[in-house]
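The structure appears right after this line, and notes come after that.
Chains as they are written, first to last, in the working numbering: chain A, 14 to 259; chain B, 1099 to 1351.
If you want it as structure tokens, here you go:
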């Protein structure tokens, strides 16, 4: 279990994130939603160890009670932007995380290649990113994140650049992958529908300064969620977000 | 298609220029000592081909060693400047200042300090050609998208791994742009170094031809110099194409 304890992020005198605490349990997908500029991405960047050095940070991250020095191997991060390197093949891109974490090149590529069929990428090992569709690129990016065997996965709006149909397919696909290899997942999204559809829990952030204003658990298994119950949750989330923007 | 779009226009303009030049010399009756016609230059080139080839070979040798070392020096220096901020702040103004020293003043001094051997010529070629490459590489390193760096750092990559895996590949286009600029100076710089003092080379050939009032042979050597520069640029283009498949992505797939 990952715990974030009393995280504060300041840019000069301005508080970007204030007194934020959260826990992420293994096998659970937590969505973080909130208006633009509320500090969602900053929280993820801090956990990934890539927050701009000029920002002042206090707070602590603990994994199973042990304090972490960030970046930590226990956490894998997928930024909002498409970060597949255009000069690497899909296989090389997907194996990059393992190689950086110390696996021998051949071992890393063999291990990643074995997962290509499950990720719908078989036959595209030697393709370059700009030869693939948006959905395939996202699958390759998730593969690169997932294969790092980290306890915690941070996904910053992984499906925001996709069309509606591809996005729905990718949500189902991600859940299947996570059932195969359970992790603690923190996913930033702007999409209320996406959040209620796939999350076990939704954290709502408000801005000025960024803080968590609601923690909504969705206990029903995904398959058993009725559209009426989901609509009710979405409506509650919408009210919270609209109140914050007023 | 490539021939029509890129080669034909240059070819037509060159032919028009040479025809105009030949016509002017014929019609004006200009002395061949002052302005030889292109046909005189071609004739001189053919007659002197063996001597020019010997001198050109010497020039190619110096240019190859000088330019090769210059590329190596530029890459190493750019990496040092990239990693050491204090060195970058201290050295970059000095490097800029080094480019303001006129080669006309420096070439004879090099001969004075280092004699007539290979060293002064190689040093001069390095001095003239390394700067555009260093500047291009530094600009290239700065193009690394922040998200690429973040992705690698979050995986646990250190500064050197970020540089090797992302910064260096990102700078490839800039490196080749700088290489092309430097290549256009390499042969000219070699000739100038030879001009200041050498036993063999196109520079000394041009000096001798000028002293014997053989403008046609001076221009013959200039033609060879231009061909050498074009060959060097073609070689760089070839290396770029042969090694750059993965940097051009699907456009060439």
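Using N, Cα and C, we set each Cβ at its ideal position, and we do this for glycine too.
query, result
"With three or more beta-carbon pairs closer than 8 Å as the criterion, would you say the region 89-101 of chain A touches the region 1252-1268 of chain B?", "yes"
"Check each residue of the region 1245-1263 of chain B: if its Cβ is closer than 7 Å to any Cβ of chain A, include it; give the result in chain order.", "1245, 1246, 1248, 1249, 1250, 1251, 1252, 1253, 1254, 1255 and 1259"
"Using a Cβ-Cβ distance under 7 Å, would residue 1345 of chain B count as near chain A?", "yes"
"Taking the alpha carbon of residue 114 of chain A as the reference point, which residue from A/210, A/157 and A/225 has its own alpha carbon closest?", "A/157"
"With a Cβ-Cβ cutoff of 7 Å, do residue 80 of chain A and residue 164 of chain A count as a contact?", "no"
"What is the rounded straight-line gap between the Cα of residue 89 of chain A and the Cα of residue 1323 of chain B?", "56 Å"
"Quick one: using the 10 Å Cβ neighbour count with 16 as the cut-off for buried, is residue 1305 of chain B buried or exposed?", "buried"
"Flag residue 1237 of chain B as yes when its Cβ comes closer than 6 Å to any non-hydrogen atom of the ligand FAD, and as no otherwise.", "Of the ligands one can find in the structure shown there are none, so the ligand FAD has no counterpart to examine."
"The beta strand (DSSP E) spanning residue 75 of chain A covers which residue range?", "69-76"
"Where do the N-terminal and C-terminal ends of the alpha helix (DSSP H) with residue 151 of chain A fall, by residue?", "147-159"
"Rounded to whole angstroms, what's the CA-CA distance from residue 1246 of chain B to residue 94 of chain A? Just pull it up for me.", "9 Å"
"What are the start and end residues of the beta strand (DSSP E) that includes residue 124 of chain A?", "Where residue 124 of chain A is concerned, there is no enclosing beta strand (DSSP E), although the alpha helix (DSSP H) it sits in stretches over 118-126."
"Just grab the DSSP bridge partners of residue 90 of chain A for me.", "A/167"
"Can you pull the chain B neighbours of residue 63 of chain A, defined as C-beta to C-beta under 7 Å?", "1248, 1251 and 1252"
"Any beta carbon of chain B sitting closer than 7 Å to that of residue 147 of chain A?", "no"
"Decide if the region 168-181 of chain A is in contact with the region 14-30 of chain A; the criterion is three or more beta carbon pairs, one per stretch, under 8 Å apart.", "no"
"Since residue 42 of chain A and residue 218 of chain A should fall inside the 8 Å C-beta cutoff, what is the C-beta to C-beta distance between them, to a whole number of angstroms?", "Not confirmed; about 17 Å, so no contact."
"Below 8 Å on the Cβ atoms is my contact criterion, and I expect residue 64 of chain A with residue 55 of chain A to pass it. Report the Cβ-Cβ distance as a whole number of Å.", "6 Å"
"What residues from chain B crowd round residue 206 of chain A, counting only those whose CB sits closer than 7 Å?", "By Cβ distance, chain B contributes nothing, its closest Cβ being about 26 Å from residue 206 of chain A, past 7 Å."
"In angstroms with no decimal places, state the Cα-to-Cα distance between residue 50 of chain A and residue 249 of chain A.", "21 Å"
"Could you tell me which whole beta strand (DSSP E) segments of length 3 or greater appear in the region 202-252 of chain A?", "214-219 and 224-230"
"In the region 1176-1220 of chain B, which residue ranges form an unbroken alpha helix (DSSP H) of at least 4 residues, counting only runs that do not cross its ends?", "1183-1196 and 1201-1212"
"In angstroms with no decimal places, state the Cα-to-Cα distance between residue 1296 of chain B and residue 1100 of chain B.", "41 Å"
"Taking residue 135 of chain A and residue 141 of chain A to be in contact with their CB atoms under 8 Å, please state how far apart those CB atoms are, rounded to whole angstroms.", "Their Cβ separation, rounded to whole angstroms, is 16 Å, which puts residue 135 of chain A and residue 141 of chain A out of contact at 8 Å."
"The alpha helix (DSSP H) that contains residue 1338 of chain B, what's its start and end?", "1313-1341"
"Under DSSP, the alpha helix (DSSP H) around residue 109 of chain A begins and ends at which residues?", "103-113"
"What are the boundary residues of the alpha helix (DSSP H) that includes residue 1123 of chain B?", "1106-1126"
"Less than 7 Å separating the beta-carbons of residue 252 of chain A and residue 209 of chain A?", "no"
"Is the region 1219-1232 of chain B touching the region 1169-1179 of chain B in the sense that three or more CB pairs, one from each, lie closer than 8 Å?", "yes"
"Could you tell me which of A/102, A/70, A/240 and A/78 sits nearest to residue 37 of chain A, measuring between CA atoms?", "A/78"
"Counting only Cβ pairs nearer than 8 Å, list the residues of chain A close to residue 1267 of chain B.", "98 and 100"
"Nearest-angstrom Cα distance between residue 1140 of chain B and residue 1148 of chain B?", "14 Å"
"If you compare alpha carbons, which of B/1290, B/1157, B/1211 and B/1318 is closest to residue 1200 of chain B?", "B/1290"
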